[in-house]
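Colleague: In our numbering, the protein residues as written are 55 to 389. Quick reminder that beta carbons are idealized off the backbone N, C-alpha and C, glycines included. The structure displayed is predicted, hence computed values, not measured ones.
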């Protein structure tokens with residue numbers, strides 16, 4: 055079965071290209087240096103493979119010699135560059151309803167990230183969980199986090215202020231620019247990227263709302279989401295497992311519910327493609343475990359928990375069954 059290759063929505067790509075064009079670099083020049091064909095990106099359903107998007111960011115950082123380019127791009131507001139999902143959010147009745155759709159439709163923006171939204175009595179936690187550590191792109195996450203703040207101010211309330219922001223990457227050399235942009239506590243080397251803000255913001259209404267535009271954008275977004283999921287059935291299930299595994303919800307009933315089907319139908323369709331649900335679950339866990347053991351400094355217990363295991367011993371037994379090595383032995387061999 056072909057490996058899942060995540061894609062990035064065209065609006066994110068066009069925003070970066072537009073910035074580079076304003077800096078004096080033509081699209082042809084950018085394409086020649088990066089080796090990426092940048093034609094046909096002006097449609098709402100256009101996409102770019104994640105690996106090419108990361109290469110484009112690498113090219114942008116190199117030719118501009120601006121390490122903080124992601125922060126810079128996130129602060130630029132251009133109404134013509136708002137993507138499909140953005141129109142859905144900013145034309146929703148409230149921020150709460152907009153965020154609900156944002157989470158549901160986020161695959162249109164970035165298929166490499168699972169977005170979750172949690173709340174308690176005081177705060178909202180918007181978390182960006184990368185399905186694979188190799189998908190992580192620092193400047194894109196910088197842009198995304200800043201963009202969420204600045205567009206929140208532009209469309210809902212100028213006085214919006216985050217409580218804290220977490221990043222998976224290490225503290226950068228230009229930390230002073232982070233502090234100026236976010237003006238709140240910042241945490242690096244975290245398990246996921248996260249924005250924390252006051253729960254009362256969920257009641258905010260857009261400053262200017264066009265319900266007709268919002269309805270049209272939502273219909274288009276739903277159609278596009280269906281197209282994205284026209285991979286093999288096993289691919290769909292695997293993506294949903296990867297999104298749910300860290301929360302401990304990667305069980306067959308939960309995944310079947312996400313696909314609006316029954317457990318029996320899910321089993322039958324996977325069997326027709328020569329795979330099993332348990333096999334896909336173990337594949338997702340093993341792939342993520344290997345990446346985390348090689349690339350991160352997280353403790354074995356933290357890794358076990360992130361993969362949905364209740365304790366370290368269960369993770370260790372499973373990993374040895376998959377690889378023939380304990381997690382500790384595997385990490386020692388690859389460090």
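(1) Nearest CA to the CA of residue 366: which residue from 377, 381, 375 and 376?
(2) Contact between the segment 141-157 and the segment 102-114: three or more CB pairs below 8 Å?
(3) Identify every run of the alpha helix (DSSP H) within the segment 100-136, keeping only runs that are complete inside it and at least 4 residues long; order them along the chain.
(4) Relative to the alpha-carbon of residue 384, which residue among 304, 368 and 346 has its alpha-carbon at the smallest distance?
(5) Short check: CB of residue 64 to CB of residue 88, under 8 Å?
(6) So, with DSSP's three-state summary, where would you put residue 56?
(7) Label residue 297 either buried or exposed according to how many other C-beta atoms from any shown protein chain fall within 10 Å of its C-beta, with 16 as the threshold for buried.
(8) Report the three-state DSSP secondary structure of residue 76 (helix, strand or coil).
(9) State buried or exposed for residue 55, treating a residue as buried only when at least 16 other CB atoms are found within 10 Å of its CB.
(10) Could you check which residue in 338, 320 and 350 has the C-alpha nearest to that of residue 376?
(11) Could you check where the beta strand (DSSP E) with residue 250 kicks off and where it finishes?
(12) Would a C-beta distance cut-off of 8 Å place residue 211 and residue 241 closer than the cut-off?
(13) Please report how far the alpha carbon of residue 293 lies from the alpha carbon of residue 113, in whole angstroms.
(14) Can you tell me which of the three DSSP states residue 214 falls into?
(15) When the Cβ atoms of the segment 218-234 are set against those of the segment 261-279, are three or more pairs found closer than 8 Å?
(16) Tell me which same chain residues have a C-beta within less than 6 Å of the C-beta of residue 165, skipping the five on either side of it?
Modeller: On the basis of the supplied data:
(1) 381
(2) no
(3) 104-118 and 123-128
(4) 346
(5) no
(6) In this prediction, residue 56 has a pLDDT of 45, which is less than 50 and means its spatial position is unreliable; nothing more can be read from the coordinates.
(7) buried
(8) helix
(9) With a pLDDT of 38 at residue 55, under the threshold of 50, the modelled position of that residue is not reliable, and no figure is offered here.
(10) 338
(11) 247-252
(12) no
(13) 29 Å
(14) coil
(15) no
(16) 60 and 61
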